[in-house]
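Asker:
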DNA sequence: GTAGGGTTAG
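Numbering (the UniProt record's numbering), first residue to last: 1 to 749.
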């Protein structure tokens with residue numbers, strides 16, 4: 001039984017949740033399962049059954065005892081049967097000892113299982129295999145297998161299928177290879193079960209080539225072999241077409257009849273495939289064969305439609321389902337986050353027990369629009385159902401509190417977690433970053449790397465913190481970059497993207513370019529990052545060259561890429577190119593422009609003096625023009641002297657953000673420009689009356705070296721710096737130098 | 001009778 005941590009218990013008392021009536025009188029993990037069906041006597045307690053047999057004069061043999069153990073739910077019954085078996089001498093049977101070990105291992109008492117194992121005088125291979133099941137690290141599994149071999153135990157296929165089924169992190173591929181070679185040495189290379197397990201083990205560790213090799217070399221294959229291969233290929237984004245091909249060969253050439261697992265595996269490939277057409281075809285054939293009633297198939301179909309933004313189709317599948325399991329309900333909660341709570345209630349009414357993933361979905365449904373109170377209620381549900389201490393759930397709760405803007409809540413969960421994994425640390429780092437606590441984010445990162453190995457998510461958060469922090473932490477960023485290279489994460493698209501962004505923002509475009517060049521896989525994310533980097537630096541030619549390269553390497557641009565390209569066109573005044581790109585968005589890439597794209601066009605046309613066209617664009621913006629688009633138009637009106645249009649834009653802006661100084665200043669300057677000092681002064685008076693203040697903008701510079709930071713901050717008309725006089729002197733001489741250079745350039749031209 | 005292979009949700 002999990003213990004509720006003190007602070008969370010306090011929350012439970014404080015916040016009575018009216019959302020869900022849980023009636024926790026029946027804790028989830030204690031709900032009994034049907035146990036009598038295995039037993040020939042009508043009884044709910046296996047030990048009673050044994051006693052009843054004894055009373056009836058039936059001899060209780062090892063078989064009856066192992067049956068009873070198989071029926072046992074809860075540690076108490078098992079222990080009683082164990083005591084019974086010891087007192088009656090049944091323990092001398094290896095079968096009884098084996099089932100006792102199995103029982104203890106499954107109820108989480110592996111030590112008891114080990115103790116029984118050490119007491120067996122002549123353990124058979126089943127005894128060894130049973131113990132093998134109980135280990136919880138790849139290392140232990142491998143060591144025990146080798147120990148079996150050294151002890152002269154005749155290893156059998158079960159030994160290998162058991163050892164290989166150990167699903168662990170992606171990193172222990174060595175473990176699978178060693179088991180593979182051991183299996184070959186033991187003469188099981190052509191065993192069907194061992195082969196199938198190898199395919200799965202390789203697939204789970206993303207070694208699809210090895211999985212394929214095993215499959216190709218197998219002498220005999222059954223449906224499971226094909227399913228394992230298809231399902232393995234479906235997990236890899238690069239092999240989706242291959243998964244579909246294998247499925248077609250299986251049906252067409254090998255003549256096997258696909259079952260519900262074959263269908264769900266091939267549909268899983270369609271979930272991640274950009275093209276849903278084959279998925280629809282499969283849906284049709286599934287319905288023809290009648291497998292669509294299978295809960296597994298329906299679940300994966302739901303997922304497919306949902307991932308392709310066809311929420312209605314996904315919902316329809318759920319509604320048509322005759323049988324729904326926890327995965328169906330959890331998927332539905334993810335599809336309809338705004339109904340997550342009522343779906344959760346309906347699920348319980350339906351008698352389906354939630355699991356940790358259900359709570360992850362429930363917590364994820366809390367959006368920044370919700371109040372803290374609502375978030376706390378969801379948290380209470382987790383505490384009441386005793387799921388709040390599950391690592392997955394705790395991690396999600398941290399993210400939820402961060403999303404709601406209270407890092408105190410996140411810290412509470414974090415501090416009470418016994419076991420923190422890298423995901424936990426990542427949730428804290430990104431939580432601090434999202435809430436603007438960049439220093440804390442960096443501190444959390446520093447602690448994280450002492451306890452866990454950082455991954456791509458850690459770096460994505462920490463690098464974006466470094467990028468967003470007011471202070472320049474470039475040295476810190478470079479140190480992170482070194483670690484990223486050491487861990488080989490510089491090839492990850494997201495990490496590369498944040499690094500490119502960081503260097504670009506800090507003015508080091510060459511380093512951005514180098515990071516991009518070193519990223520092995522050029523994905524949408526890294527292409528977009530480097531294009532945006534050059535766009536920020538006004539390198540129009542580079543932007544266009546990179547964009548062409550990206551398109552010709554068959555990477556489809558998205559909204560952000562095109563926004564960067566448009567921005568570059570805007571900076572350089574390339575109206576025709578910009579217009580062309582904007583038109584291509586809809587016609588070629590089938591992307592509906594965002595308000596930002598319209599705003600960029602307004603800016604571009606306005607700067608080029610095409611004010612009428614700019615205003616036309618402004619009016620086309622869905623849901624009305626935003627602040628930045630109006631600012632652009634206003635700025636353009638000032639440059640090109642369209643007073644009437646400028647006034648319209650300024651009035652709109654002042655209505656939308658009456659306390660922002662920008663529009664007032666621009667409008668006042670425009671009046672001044674036309675010599676209308678009276679109105680200019682009037683606008684300034686409005687500002688005063690409404691209490692609008694012009695915000696002071698600061699610039700900073702770091703003159704420090706690698707070891708120390710040396711920050712200097714400036715604003716306009718700022719004389720507070722001790723070296724102010726000298727600084728102004730240098731600035732002035734730089735200014736005249738620029739004038740000279742510009743003049744020379746003009747003369748040359 | 002005791003151990004083992006393919007399966008969907010975050």
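The C-beta atom is built at its ideal place from N, Cα and C for all residues, glycine as well.
The structure displayed is predicted, hence computed values, not measured ones.
How about the segment 634 to 650 and the segment 605 to 613: do they share at least three Cβ pairs that are nearer than 8 Å?
Answerer: Touching, per the Cβ criterion.
Asker: For a test of the three-state rule: what should DSSP assign to residue 107, helix, strand or coil?
Answerer: If DSSP states are grouped into helix, strand and coil, residue 107 belongs with coil.
Asker: Assess contact between the segment 547 to 555 and the segment 513 to 521, defined as three or more Cβ pairs (one per stretch) separated by less than 8 Å. Is contact present?
Answerer: Judged by Cβ distances under 8 Å, the segment 547 to 555 makes no contact with the segment 513 to 521, as fewer than three pairs qualify.
Asker: Can you list, in chain order, the stretches of the alpha helix (DSSP H) that have 4 or more residues and sit fully within the segment 240 to 289?
Answerer: Within the segment 240 to 289, the complete alpha helix (DSSP H) runs of at least 4 residues are 240 to 252, 260 to 272 and 277 to 289.
Asker: Check whether the segment 528 to 535 and the segment 552 to 571 are in contact - that is, three or more C-beta pairs closer than 8 Å.
Answerer: With the cut-off at 8 Å, the segment 528 to 535 and the segment 552 to 571 touch.
Asker: Distance, Cα to Cα, residue 728 vs residue 713?
Answerer: Approximately 14 Å between the Cα atoms of the pair.
Asker: Check whether the Cβ atoms of residue 142 and residue 198 lie closer than 8 Å to each other.
Answerer: Taking 8 Å as the Cβ cut-off, residue 142 and residue 198 do not qualify as a contacting pair.
Asker: Could you tell me whether the Cβ atoms of residue 696 and residue 659 are closer together than 8 Å?
Answerer: No; because the gap between Cβ atoms is not below 8 Å, this pair is not in contact.
Asker: Helix, strand or coil: which one does DSSP assign to residue 513?
Answerer: Looking at residue 513 - three-state DSSP - the assignment turns out to be helix.
Asker: Considering only the beta carbon of each residue, do residue 424 and residue 461 sit closer than 8 Å?
Answerer: Not closer than 8 Å, so no.
Asker: Please state whether DSSP places residue 136 in a helix, a strand or coil.
Answerer: In the structure shown, residue 136 sits in coil (DSSP, three-state: anything other than H, G, I, E or B).
Asker: Tell me whether residue 220 sits in a helix, a strand or coil according to DSSP, three-state version.
Answerer: Note: residue 220 maps to coil in three-state DSSP.
Asker: Smallest Cα separation from residue 633: which of 66, 599 and 620?
Answerer: For residue 633, the nearest C-alpha among the options comes from 599.
Asker: Which whole-angstrom value describes the C-beta separation of residue 476 and residue 442, a residue pair presumed to lie in contact below a C-beta threshold of 8 Å?
Answerer: Residue 476 to residue 442, Cβ: 7 Å. Contact.
Asker: Where in the segment 571 to 615 do unbroken runs of the alpha helix (DSSP H), each at least 4 residues long, occur, reported from the N-terminal end onward?
Answerer: 575 to 587 and 595 to 607, all fully within the segment 571 to 615.
Asker: What do you get for residue 145, buried or exposed, if any count of 16 or more other CB atoms within 10 angstroms of its CB means buried?
Answerer: It counts as buried.
Asker: Using 8 Å as the cut-off, can you tell me whether the segment 284 to 298 makes contact with the segment 255 to 270, which would need three or more C-beta pairs spanning the two stretches below that distance?
Answerer: They touch, by the three-pair rule.
Asker: In chain order, what residues of the same chain have a beta carbon less than 7 Å from the beta carbon of residue 27, not counting five sequence neighbours either side?
Answerer: In this predicted model, residue 27 has a pLDDT of only 35, less than 50, meaning its place in the structure is not dependable enough to derive any value.
Asker: Please report the distance separating the alpha-carbon of residue 338 from that of residue 435.
Answerer: Those two C-alpha atoms are separated by around 24 Å.
Asker: Is it buried or exposed for residue 740, if we count other Cβ within 10 angstroms and need 16 for buried?
Answerer: By the 10 Å Cβ count, residue 740 comes out exposed.
Asker: If you draw a straight line from the alpha carbon of residue 536 to that of residue 505, how long is it in whole angstroms?
Answerer: Their backbone Cα atoms lie some 8 Å apart in a straight line.
Asker: Taking residue 173 as the reference, which of 163, 487, 207 and 371 has the closest Cα?
Answerer: Ranking the options by Cα distance to residue 173, first place goes to 207.
Asker: Let me make sure I understand the geometry here. Which of 133, 124 and 317 has the alpha-carbon closest to that of residue 111?
Answerer: Of the listed residues, the one whose Cα sits closest to residue 111 is 133.
Asker: Rounded to whole angstroms, how far is the Cβ of residue 627 from the Cβ of residue 656, which I believe are closer than 8 Å?
Answerer: That pair is a contact at about 6 Å.
Asker: Throw me the rounded Cβ distance for the residue 201 and residue 176 pair, which I believe falls under 8 Å.
Answerer: The Cβ separation is near 5 Å, so the contact holds.
Asker: Pick out the complete alpha helix (DSSP H) segments inside the segment 393 to 423, 4 residues or longer, and give them in chain order.
Answerer: Those alpha helix (DSSP H) runs which fall completely within the segment 393 to 423 and span 4+ residues are 407 to 416.
Asker: Could you tell me which whole beta strand (DSSP E) segments of length 3 or greater appear in the segment 177 to 224?
Answerer: Here no run is fully enclosed.
Asker: Any idea what DSSP makes of residue 162, helix, strand or coil?
Answerer: Helix, per DSSP.
Asker: Helix, strand or coil: how does DSSP classify residue 147 here?
Answerer: Residue 147 falls in the helix class under three-state DSSP.
Asker: By how many angstroms is the C-alpha of residue 276 removed from the C-alpha of residue 270?
Answerer: In a straight line, the C-alpha of residue 270 is about 6 Å away from that of residue 276.
Asker: Are the beta-carbon atoms of residue 63 and residue 98 separated by less than 8 Å?
Answerer: Contact flag unset, no.
Asker: Look at residue 449 and residue 400 and say whether their C-beta atoms are less than 8 Å apart.
Answerer: The answer is no: Cβ separation not under 8 Å.
Asker: Do residue 502 and residue 816 count as a contact pair if the criterion is CB distance below 8 Å?
Answerer: An answer regarding residue 816 cannot be provided, because it is not within the stretch 1 to 749 covered by the chain.
Asker: Give every residue of the same chain whose Cβ lies closer than 6 Å to the Cβ of residue 593, excluding the five residues on either side of it in the sequence, and list them in chain order.
Answerer: Here the set comprises 585.
Asker: Which of the three DSSP states is assigned to residue 785 in this structure?
Answerer: Absent from the model: residue 785. The displayed extent of the chain is 1 to 749, so no value can be given.
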